[in-house]
Each structure stands twice: as C-alpha cells, then as structure tokens.
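Following: one structure in structure tokens, then a few remarks.
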Amino acid sequence: DTGVSQDPRHKITKRGQNVTFRCDPISEHNRLYWYRQTLGQGPEFLTYFQNEAQLEKSRLLSDRFSAERPKGSFSTLEIQRTEQGDSAMYLCASSSKRTGPTYEQYFGPGTRLTVT
Amino acid sequence: DQQVKQNSPSLSVQEGRISILNCDYTNSMFDYFLWYKKYPAEGPTFLISISSIKDKNEDGRFTVFLNKSAKHLSLHIVPSQPGDSAVYFCAASGLDDKIIFGKGTRLHILP
Numbered sequence: 003d004t005g006v007s008q009d010p011r012h013k014i015t016k017r018g019q020n021v022t023f024r025c026d027p028i029s030e031h032n033r034l035y036w037y038r039q040t041l042g043q044g045p046e047f048l049t050y051f052q053n054e055a056q057l058e059k060s061r062l063l064s065d066r067f068s069a070e071r072p073k074g075s076f077s078t079l080e081i082q083r084t085e086q087g088d089s090a091m092y093l094c095a096s097s098s099k100r101t102g103p104t105y106e107q108y109f110g111p112g113t114r115l116t117v118t
Numbered sequence: 039d040q041q042v043k044q045n046s047p048s049l050s051v052q053e054g055r056i057s058i059l060n061c062d063y064t065n066s067m068f069d070y071f072l073w074y075k076k077y078p079a080e081g082p083t084f085l086i087s088i089s090s091i092k093d094k095n096e097d098g099r100f101t102v103f104l105n106k107s108a109k110h111l112s113l114h115i116v117p118s119q120p121g122d123s124a125v126y127f128c129a130a131s132g133l134d135d136k137i138i139f140g141k142g143t144r145l146h147i148l149p
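Chains V and X are the protein sequences, given in the same order. Going from the first sequence to my numbering is simple: count from 1 and add 2. Going from the second sequence to my numbering is simple: count from 1 and add 38.
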C-alpha cells in the first residue's frame, strides 16, 4: 500500500452540476478525514469517519455536501448543485490509533475542483 | 476566528543557515501541536509533533519548541537544505483529534 489515493486529481464542472470524489485510505487505517483547502489558506476540516460511522461534520459542510464510507474502507464526497465558491482542493487523510497518534494523519494528493 | 496563526506568509533563508518558522495559537485546550510540510501538487506530509506537556522535541534537523505561557511554537530547521523549500503548516489538535491548521508559511531556501 503506497498511501492515501484520491480520484480524480482534477475536476472541472459547470455551476449547478453534481460531482463526486473518491478517497482510498491506507488499508489499516480506521479513521478517514475530509478537508477543503482554498488559495492562501490551510486545510479546513469538513468531516471524519471512524470505520463506517461519520462522527463529526463541520458547519462548513452545507446540505449540498454528503460523505459516505459504506464499508469502512474507501469514502466518497459528493457535492450537489455546485457553486463557484466550492472551487477548492479537497483533501482526504487517514489515521489509525493502532499505528500512531490519530493526529498523525496521512494525506492524499487532493482533488482540485474548479466550478465554472 | 483563526485559532492557529502563522503571521509570516513567506520566509527566505540561505542554504546551510537556520530556518525558524513561527506559529501562535489561541485555544488553551489544544494538547498536541504539529508541523506539516507541503510540496506543490501533493498533500501535506506530517513532519514533527509536540505534546503540550513538553517544551521541545527534536528529530534530526527539525526541532519544535513550545512556549505554553505565550501560546507560541516554532519550528527550527538546521541546516536548511534546498529540499526544505515548501509550504509549512502549523497545526494543533485537541481531545476530539481534529486538526486545526494555520494558513502556512512558504519557505524558500536560497542557494
């Protein structure tokens, strides 16, 4: 296992369309996190899962955003009716208390979303 | 309200000299502090951490210092190398294991 992978790496979509991103965490990691990063900012927490349970959602995550991790492995982040303000880098990270402190999160390369 | 603040957007340091990146925080409930490094087109990479019960942690060329009374931490890189050129994010974590990131400091190592 080479690390956290995300697909696609880039997505260009028109305003109003729906998009879905996928994250595959490191295989033994039971925690999976989604972050959003805009230009000039650090990553901002969106939501996280422990196994298949979604434990917390940021108020940044509007009703148009939904995340799932159905079998406790990969996760998807869907944005419905995209807006130009959704343009950002969406980062996924994973961690496991079995392999280290949960704050030692391993990040994927991100999916860059551009809404036109 | 920014709970983790990196007030220097960029820093240039001569190769071989010491790089010092600074960070301030406002939330007294944070109990771990971290530094992440980010290259273009890659996700952030965990670099070093420090628990709130310590004031120093060293790992090779990287040392993090924590001053709890001042709510300040710093990352020292010595000697600085060209491969250290990247964006460095200061971050903090509390009981809920969420990580709060600063805005980052872009470090340029000059030849």
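Note that the Cβ used here is the ideal one computed from N, Cα and C, for glycine as well.
Between the stretch 132-141 of chain X and the stretch 102-121 of chain X, can you find at least three pairs of beta-carbon atoms closer than 8 Å? no
Between L148(X) and L59(X), how many whole angstroms is the CB-CB distance? I'm expecting something under 8 Å.
At roughly 16 Å, the Cβ-Cβ gap does not stay under 8 Å, so L148(X) and L59(X) are not in contact.
So, is A90(V) buried or exposed, given that buried needs 16 or more other C-beta atoms within 10 angstroms?
buried
Discussion item. Less than 9 Å between the C-beta atoms of L41(V) and Y50(V), yes or no?
Written reply: no
Determine the chain X residues that contact Q86(V) at a beta-carbon separation under 7 Å, and present them in chain order. Within chain X, no residue comes near Q86(V); the closest Cβ sits about 22 Å away, beyond 7 Å.
Listed by chain order, chain V residues near F127(X) by CB distance under 8 Å: G44, P45
- Task: Measure from the C-beta of E106(V) to each C-beta in chain X and report whether the shortest distance is under 9 Å.
- Result: yes
Interface residues of chain V facing A79(X) [CB-CB closer than 8 Å]: P111
* To do: Apply the 10 Å Cβ neighbour rule to S48(X) and answer buried if 16 or more other Cβ atoms are within range, or exposed otherwise.
  => exposed
task = Could you give the DSSP three-state label for Q56(V): helix, strand or coil?
result = strand
- Take the Cβ of A7(X) as the centre, count every other Cβ of all protein chains shown within 10 Å, and call the residue buried at 16 or more, exposed below. Given a span of 39 to 149 for chain X in the structure shown, any question on residue 7(X) remains unanswerable.
Inset, instruction - Return the bridge partner residues of I147(X) from the DSSP annotation. - result: V51(X)
* P117(X) at chain V interface by Cβ criterion, 9 Å -> no
- Item | N- and C-terminal bounds of the beta strand (DSSP E) containing A79(X) | Taken as a continuous stretch (DSSP letters only), A79(X) belongs to no beta strand (DSSP E), as it is neither H nor E.
Run the CB neighbour count on Q86(V), radius 10 Å, all protein chains shown included, and call it buried at 16 or more, exposed below. exposed
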